[in-house]
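Just remember that my numbering sits 914 ahead of the position in the sequence shown, which is counted from 1. Here the structure comes first, spelled out in structure tokens, and everything after it is commentary.
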Amino acid sequence: MEFIMDPFRKKDMKKSTPPSAFLRQNNYLKKGGELIITYQLEYYEKNLISSIYIRCLSVYGYMISIKHEEIV
């Protein structure tokens, strides 16, 4: 399986590369002689958590509206 050479350039990514492989790889940036892990995984984790939270709120709102219709 081939990985992305530069995480910020889409043209380096093969279309056959699944998103999970993109998240599993260790991407590093050189800065001042130190290796720094990119923030991509944290970015995807935050997006996943916010997406789950929004879906839970919408399901909760739907359940409340159904309960309200039963009472009225």
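Don't be surprised by glycine CBs; every beta carbon is placed ideally from N, CA and C.
| Asked | Found |
| --- | --- |
| Separation of N961 from S979, as counted between CA atoms | 27 angstroms |
| Whole-angstrom distance between I963 and Y974, CA atom to CA atom | 16 angstroms |
| Distance between S965 and E959 (C-alpha atoms, nearest Å) | 10 angstroms |
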